Each structure stands twice: as structure tokens, then as C-alpha cells.
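J.: First residue of the sequence shown? That's 1 in UniProt numbering, and the numbers climb one at a time after it.
Ideal placement from N, C-alpha and C gives every residue a C-beta, glycine not left out.
In this text the structure is predicted, and so the values were computed from the model without any measurement.
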Amino acid sequence: MVARSSEVRPTAVRHSASPGAGGRRGRGAGRLAGLGLGAAATLVLLTGCDVGAAFDGFGWPQGGISAESRKMYDLWIASCIAALAVGVFVWGLIFWCIIRYRKRGNELPVQTRFNMPMEFLYTIAPILVVSVLFYYTAVVQTDVERRTANPDVVVEVVAFKWNWQFNYRDGLGKDANTVASVLGTSDVIPVLVLPTNRTIRFEETSKDVVHSFWVPELLFKRDVFPGKIRNEFEISKLVTEGAYVGRCAELCGSYHAFMNFELRVVSPAEYDQFLAAKQDGRSTQEALESIGEDPYATTTEPFDTRRTERNFNNAAGAPAGAGR
1 MVARSSEVRP
11 TAVRHSASPG
21 AGGRRGRGAG
31 RLAGLGLGAA
41 ATLVLLTGCD
51 VGAAFDGFGW
61 PQGGISAESR
71 KMYDLWIASC
81 IAALAVGVFV
91 WGLIFWCIIR
101 YRKRGNELPV
111 QTRFNMPMEF
121 LYTIAPILVV
131 SVLFYYTAVV
141 QTDVERRTAN
151 PDVVVEVVAF
161 KWNWQFNYRD
171 GLGKDANTVA
181 SVLGTSDVIP
191 VLVLPTNRTI
201 RFEETSKDVV
211 HSFWVPELLF
221 KRDVFPGKIR
231 NEFEISKLVT
241 EGAYVGRCAE
251 LCGSYHAFMN
261 FELRVVSPAE
271 YDQFLAAKQD
281 GRSTQEALES
291 IGEDPYATTT
301 EPFDTRRTER
311 NFNNAAGAPA
321 GAGR
């Protein structure tokens, strides 16, 4: 027979009843608190420096030229910092558990069915993170989508295979009048001139298929639809002068990759002078020269149509496209 004093009690019960269990729990809570404070301190330090420039925007294009683009950029950087803070905290917990609760000998570790503080943390923390991100995303999205009743500048964007026409309008809607126009050709890149510090409404329409109006420095694009649909959006203000390439961002046919334009951002006074020159009957190149700008696009060049006599099986010396 086995003596009662030699009965083997479960190791888990012996560990859970040990006097030092409460101390270990206290130290564990202290470590968790330390990790939380460290993550918070790291977040504060990161927000105090130009994190976007240091990490190349975390993949987001830098150098936005509109107020909306900078708001979207700031939201992206803040989201990346928050994601990194959460990641560091979770990784810290994982490695702490690996080290703290690694196997030591043959003793069975403490057996528990649940941990209320940990489950509470993993339930509330994601809800708080998602709620904060949702709130700031909704705020920025509302700013980007906002349109005013009386914008300072109205531009009708007309896309067609494979170029652009920009009509400066005297009002809103398809019934407004065009006061000046810029038309791109196979030989000349269209230059869209716009002022800084003025609200600008874009009204888009297409003559044939779906195109997409995209200036990378605006950090977002808008599709251009054919038919009666006029896709509209507004920029509260452009903040940086310069020349910026614009592209079609929707596959629209053979010369889609070459369907470019140039956005030229100038001061309000120069814009007024340019528009007055266009209304006086000057060409776009002459109007650009009148305000001291390059008459032709500097960020892109016209596409090569490759229309030679060889393409049309013409006889030598025959004009291109003349047929037989």
C-alpha cells in the first residue's frame, strides 16, 4: 500500500497555491504597463519629427501641392505610426510570453482557463484603434469631397482618344459658357494653368470611353465618364507653384500611356493675366510667354504617332495617310 503522505499532487495546483504567485502576477502587470508606456513614448517621439521624410512616406507619394493632398498624407503617416505602435506592443507581448513562460524542466506550468485583463485589453484596444482611425478618415474624406457653392475657378475637363481639352468656364454646370480653352494635339501637350490660393472646381466628361484625370502631386485621381455623367470634384487651394505632369490613369486604348498633359500652377495675378491673354485671342503658347512661363510642357513630351508612309503601305514620297 502507498502511504497517504507519498501521494503526488498535481504540479499545477502546487504552483497556483505557491506564496509567490501573487508577486509574479504583480511583476507581470508591471511589465505590461511598462510596455504600454514605452509604446506611448515612442508614439509621441515619432509624431514630433518628420517621420514621412525619414521613411520615404511609408510608400505614400510626397510633395502634395493641394491642401487636400497634405491632409491625406498626414492621415496616412499617422495611421502608419499607430500601426507600428500596436505592432511593437503585440510583438513585445509575444516575445515576453515566449521568454517568461518557456519550458523549465519537467514541471507543468500554471494552468488557467482565462485571463480577464488580457481578454479585456484585446477586446477594447482594437475597438478603440478602429474607432479613432474611422473618425479621422471620415474627417479627411469629408474635406476631400467638400464642394462650395461659388468656386473661384471652374474648369471643364474633356477627355478623348488620346488627349485633353480644358475649358475655362464662367459658371457651374454644362450650360455655363466657355471663356477660354486649351486643346491638346499629337504635336503639342496641353498645359492647364491654374492659380494658387483659389478654390477650383473640375467638371469632367469624356467624348468616347472612360478616362481618368490624374496629377500624381494631387495624390488622388478622378475617373472621366462618357455620356451625361459629369464627375465633379473641387480643390480648396493649390499651395505650391510649378509644373506637374498629368496623366490618364484608366486604360483607354492604343495610346493610353501617352495621354499626358501638364498642370502649371502660377500666382493668382499671373493666372488672371494668362486668362485675359487667352480671351484676347492669343494661343496658349503666347499666353504662357506673356506671364514669363515656358510656352511648351516641360514635364512630358508628345507621343510619336509613327504615321509614316511605311505604316500605310504608301509609295515612296507619298504624304502620310494619303492612301492610294
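Under a three-way DSSP split, which group does residue 58 fall into?
T.: If DSSP states are grouped into helix, strand and coil, residue 58 belongs with the helices.
J.: Could you check whether residue 157 and residue 204 sit closer than 8 Å to each other, using their CB atoms as the reference points?
T.: Result yes, Cβ atoms of residue 204 and residue 157 sit closer than 8 Å.
J.: Rounded to the nearest angstrom, what separates residue 77 and residue 108 at their Cα positions?
T.: Taking the straight line from one Cα to the other gives about 46 Å.
J.: Less than 8 Å between the CB atoms is what I'm expecting for residue 189 and residue 277, so what's the real figure, rounded?
T.: At roughly 19 Å, the Cβ-Cβ gap does not stay under 8 Å, so residue 189 and residue 277 are not in contact.
J.: Taking the alpha helix (DSSP H) that residue 252 falls in, what are its first and last residues?
T.: That residue, residue 252, is in no alpha helix (DSSP H); it is neither H nor E in DSSP.
J.: Here's the rule I'm using: 16 or more other beta-carbon atoms within 10 Å means buried, otherwise exposed. How should residue 164 be labelled?
T.: Buried.
J.: In terms of alpha-carbon separation, which member of 287, 262 and 209 lies closest to residue 302?
T.: Comparing Cα positions, the closest option is 262.
J.: Tell me where the alpha helix (DSSP H) around residue 79 begins and ends.
T.: Looking at the DSSP string, the run of the alpha helix (DSSP H) that includes residue 79 is 67-100.
J.: Whose CA, out of 283, 284, 111 and 141, lies closest to the CA of residue 69?
T.: Minimum Cα distance to residue 69 is reached at 141.
J.: Can we say the stretch 209-219 touches the stretch 278-291, given the rule of at least three CB pairs closer than 8 Å?
T.: The answer is no - the stretch 278-291 does not touch the stretch 209-219, with fewer than three Cβ pairs under 8 Å.
J.: Going straight from the alpha carbon of residue 117 to that of residue 123, what length do you get?
T.: If you take the alpha carbons of residue 117 and residue 123, they lie about 10 Å apart.
J.: Of the residues 207, 241 and 168, which one's Cα is nearest the Cα of residue 200?
T.: Nearest C-alpha to residue 200: 168.
J.: In the DSSP output, which residue or residues are listed as bridge partners for residue 235?
T.: According to DSSP, residue 235 bridges with 200.
J.: Taking the straight line between their C-alpha atoms, what separation do you get for residue 67 and residue 224?
T.: Going by the C-alpha atoms only, they are around 22 Å apart.
J.: Residue 165 by DSSP, collapsed to three states: which one?
T.: Strand.
J.: Where do the N-terminal and C-terminal ends of the alpha helix (DSSP H) with residue 107 fall, by residue?
T.: Run containing residue 107: none; DSSP gives neither H nor E here.
J.: Who does residue 159 pair with in a DSSP beta bridge?
T.: Residue 159 pairs with 164 and 206.
J.: Need the endpoints of the beta strand (DSSP E) that residue 188 sits in, please.
T.: No beta strand (DSSP E) contains residue 188, which DSSP labels as neither H nor E.
J.: Using C-beta distances below 6 Å, list every residue in its chain close to residue 304, excluding the 5 sequence neighbours before and after it, in chain order.
T.: If we look at residue 304 and ignore the five residues flanking it on each side, it has no Cβ neighbours.
J.: Relative to the C-alpha of residue 144, which residue among 291, 207, 103 and 222 is closest?
T.: Of the candidates 291, 207, 103 and 222, the one whose C-alpha sits nearest the C-alpha of residue 144 is 222.
J.: Distance check for residue 95 and residue 194, CA to CA, integer angstroms please.
T.: So the alpha carbons of these two residues sit roughly 55 Å apart.
J.: Can you check whether the CB of residue 133 is closer than 8 Å to the CB of residue 79?
T.: For residue 79 and residue 133, yes; Cβs fall inside 8 Å.
J.: Measure the C-alpha to C-alpha separation of residue 138 and residue 71 and round it to an integer number of angstroms.
T.: If I take the Cα positions, the gap works out to 12 Å.
J.: Does the beta-carbon of residue 135 have 16 or more other beta-carbons within 10 angstroms, so that it is buried, or is it exposed?
T.: Exposed is the call here.
J.: Within its chain, find whatever has a CB closer than 8 Å to the CB of residue 64; leave out the 5 residues flanking it on each side and keep chain order.
T.: Here the set comprises 70, 72, 73, 217, 218 and 219.
J.: Helix, strand or coil: how does DSSP classify residue 125 here?
T.: In this structure, residue 125 counts as helix in the three-state DSSP scheme.
J.: Can you have a look at residue 159 and say buried or exposed, based on whether 16 or more other CB atoms are within 10 angstroms of its CB?
T.: Residue 159 comes out buried.
J.: Who are the Cβ neighbours of residue 274 in its own chain at under 6 Å, not counting the five residues just before and after it?
T.: Result list for residue 274: 193, 287 and 291, in chain order.
J.: Suppose contacts are defined by Cβ-Cβ distances below 8 Å. Is residue 265 in contact with residue 299 by that definition?
T.: No, Cβ-Cβ distance for residue 265 and residue 299 is not below 8 Å.
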